[in-house]
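Sequence order for the protein chains is A and B.
Mapping of the first sequence onto my numbering: position 114 corresponds to residue 115, and the numbering continues sequentially without gaps.
Mapping of the second sequence onto my numbering: position 166 corresponds to residue 167, and the numbering continues sequentially without gaps.
Everything on this sheet refers to the single structure shown next.
Protein chains: 2
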Amino acid sequence: MWGVPRVSEEHLIARREQILAAARVCFLSKGLHTTSMQDLIHEAGLSVGAVYRYFKSKNEIIAAIAATVVGGIQQHIDQVAVRRLPLIDSMSLVLDGVDDQLGPGGYLPVALQVWSEATLDPVIGAIVKEKYEGLRASMRVLVVQAVESGELPADADIDATTAAIYGFLPGYALQRLLTGVPDKATYLVGIRTLLNSRRPADDAAVIQSRQ
Amino acid sequence: MWGVPRVSEEHLIARREQILAAARVCFLSKGLHTTSMQDLIHEAGLSVGAVYRYFKSKNEIIAAIAATVVGGIQQHIDQVAVRRLPLIDSMSLVLDGVDDQLGPGGYLPVALQVWSEATLDPVIGAIVKEKYEGLRASMRVLVVQAVESGELPADADIDATTAAIYGFLPGYALQRLLTGVPDKATYLVGIRTLLNSRRPADDAAVIQSRQ
DNA sequence: TCTCCTAAAACGAATGCTCGTTCTTTTATG
DNA sequence: CATAAAAGAACGAGCATTCGTTTTAGGAGA
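The structure is reproduced here in C-alpha cells:
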C-alpha cells in the first residue's frame, strides 16, 4: 500500500446503509419492480456510479433488503421470550411487534413484496427460507415454555404446535394488510378463545379483556 | 344491426378466458411484473391486437386475475361447511383445499403475487379486500357451527375467533410457500393441540392421529 | 506542518434493449 | 359486402447497466 487513498470503513458501511434505507423507502411506496434504479438513486441522493460501486445489480439490493427485513421482529420475539410470560401474554407482546411493522415506517409491506419475489427468484427464496426458519425457531421457544409451564400438554408435538402458533403471525399480518381488520385486541381474543376452547370458565375474562 | 359481422358470444367469452389462462400460466412462472405482454400474448397464441381487444391494459388483466384467484378455495370451503363436521375435521378438509392450491397448477403462488400488488395498487387492493372478506365470511360459518355444537364456548366472540381461525390458512400457506414445511398433517396436529390445550386427556388421540 | 500525488470514490452521459401500447392493414363472418 | 375481429409492424419512453472522466481523501516526502 503506497499512496493509500481509502476512506474510513465506517464511511463505507454508512454509504451502504444509506442505499439500503433509500431502497426500503422506494420499495415501500412503489414496490420492488416499479422502483427504478433512477428512483432509488435519487432517493439516496447519490449518483449512478456510487450506487453501483456498492451493489453490482438491482437484484443484489433486493437480496440485501430481503436479508434484513425480518431482523426487527425476530429481535423483538427473542426479547419477549426471555421474560417467560404466560403464552397468551407473550403472544400479545409479539403481536405488538407485528403491529409496529404494520404501521408507518414498518417493513411488513416490503416483506410481502419479498415473499412474492421469493417464489420466483431462487436466490431470494433461499434467503427468505433461512430467515423465516430462524423466526420460527424463535417462536418455538415460546411453545417450549408453554409446555414446561403446563399451559400446553406435556406430550404436545413441539414442532407441530410451533407451526400452528407461528401461523398466527402471518395470519394476522396478512389480514391487516389486505382487509384492514382485525385489530390486535380482537385477534388476541380469538387466539385466547381457541387456546381455552371447551373451558367456558375462562371466557368472562376473555370478554373483559377485549374491553 | 345490418350487416351483422359478430362472432358468437360464447366465442368472445372463450377468447377472454383463453387470455386469462395464459396470464395465469405466465404469472405463475414469471410473476406479474416480469411477465411482458409479449410473453402473455405468445402463451395465449394470439396477436397483440387480439389481446388488446379484450383487455385495454396489462393492469386490467392483473385485476381480472386478482378477482378470480380466490374463487376455487372459497367454493371448497363452502362445500365443507354444508357437511357440518366437527371443527377439526372441517379444518382438515379446508387445508386439503389449500394444499390443492399449493401444488402444481394451484394458484396460491399467483395469489401471493396479487397480495403483494394489492398493497401498491388501490384498484387491486379493493378487489382483494372484497374477495378475502368473502373468504373470511365462509370461514365464519365454520366458527358459528363450532359454537352451536359446543366445541367453542357459547359466548365466544364469533368475529374474533373467526379472525384467529382464518389466520391459520395464510399461516399454513405462507409457511409452505416460503419454507416448504410443515405438511398438512403436522400443521393439523398443531391446530388440534391448541384447540385442546389444557385438556391432556385428549392428547393420546392427537398423537395417534398424526399417524 | 504543508504539499504533492495516487488511487479510491463518485459522477453522469451514453448505450442498447425491451417494454406497453397504438394504429393501420388484413381476414373472416353472417 | 359491411363490419367486427384479428393481426403485427411501428413507436416513444424508460429501463438497468457500462464506462470514461472528475473529484477527493489521506499518506509520503519535505
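Heads up, the beta-carbon is just placed ideally off N, CA and C, and yes, glycines get one too.
Skipping 5 residues on each side, what residues in its chain have a beta carbon closer than 8 Å to that of residue i?
i	result
residue 114 of chain A	28, 32 and 33
residue 48 of chain B	42
residue 116 of chain A	129
residue 66 of chain A	21, 24, 25, 28, 111 and 115
residue 38 of chain B	49, 52 and 59
residue 154 of chain B	148
In its own chain, which residues sit with a C-beta less than 6 Å from the C-beta of residue i, not counting the 5 before and 5 after it?
i	result
residue 45 of chain B	19, 20 and 23
residue 174 of chain A	99 and 109
residue 12 of chain A	none
residue 95 of chain B	78 and 81
Among the candidates the options, whose CA atom is the shortest distance from the CA of residue i?
i	options	result
residue 64 of chain A	A/119, A/194, A/92 and A/176	A/119
residue 76 of chain B	B/112, B/49, B/99 and B/124	B/99
residue 62 of chain A	A/196, A/128 and A/159	A/128
residue 25 of chain B	B/10, B/154, B/102 and B/183	B/102
residue 148 of chain B	A/171, A/191 and A/138	A/191
residue 122 of chain B	B/60, B/17 and B/186	B/60
residue 97 of chain B	B/56, B/196, B/81 and B/158	B/81
residue 197 of chain B	B/188, B/152, B/173 and B/163	B/152
residue 111 of chain A	A/68, A/185 and A/40	A/68
residue 142 of chain B	B/93, B/39, B/88 and B/47	B/88
residue 15 of chain B	B/93, B/39, B/38 and B/52	B/52
residue 106 of chain B	B/50, B/13 and B/73	B/73
residue 187 of chain B	A/157, A/30 and A/39	A/157
residue 193 of chain A	B/185, B/161 and B/178	B/161
List the whole-angstrom C-beta distance separating residue i from residue j, where the pair is believed to meet the contact cut-off of C-beta under 8 Å.
i	j	result
residue 71 of chain A	residue 132 of chain A	4 Å
residue 165 of chain B	residue 195 of chain A	6 Å
residue 139 of chain B	residue 79 of chain B	6 Å
residue 36 of chain B	residue 134 of chain A	The Cβ separation is near 30 Å, so there is no contact.
residue 93 of chain B	residue 189 of chain B	6 Å
residue 159 of chain A	residue 144 of chain A	6 Å
residue 172 of chain B	residue 172 of chain A	4 Å
Might you give, ordered along the chain, the residues of its own chain that have their beta carbon closer than 7 Å to the beta carbon of residue i, omitting 5 neighbours on each side?
i	result
residue 176 of chain B	182 and 183
residue 85 of chain A	146
residue 137 of chain A	163 and 167
residue 55 of chain B	16, 17 and 20
*Give the residues from the stretch 92-120 of chain B that approach chain A closer than 7 Å (Cβ to any Cβ), ordered along the chain.*
110, 113, 114, 116, 117, 119 and 120
*What are the residues of the stretch 168-190 of chain A that lie near chain B, defined by any Cβ-Cβ distance shorter than 9 Å?*
168, 169, 170, 171, 172, 173, 174, 175, 176, 178, 179, 180, 181, 182, 183, 186, 187, 188, 189 and 190
_Near-chain B residues of the stretch 52-85 of chain A (beta-carbon distance less than 8 Å), N- to C-terminal order_ = none
*Interfacial residues, the stretch 31-52 of chain A to chain B, with Cβ spacing under 9 Å*: 31, 32, 33, 34 and 35
_Which residues of the stretch 120-136 of chain A have a Cβ closer than 7 Å to any Cβ of chain B? Give them in chain order._
120, 121, 129, 130, 133 and 134
_Can you pull out the residues from the stretch 150-168 of chain B whose beta carbon lies closer than 9 Å to at least one beta carbon of chain A?_
151, 152, 153, 154, 155, 156, 157, 158, 160, 161, 162, 163, 164, 165, 166, 167 and 168
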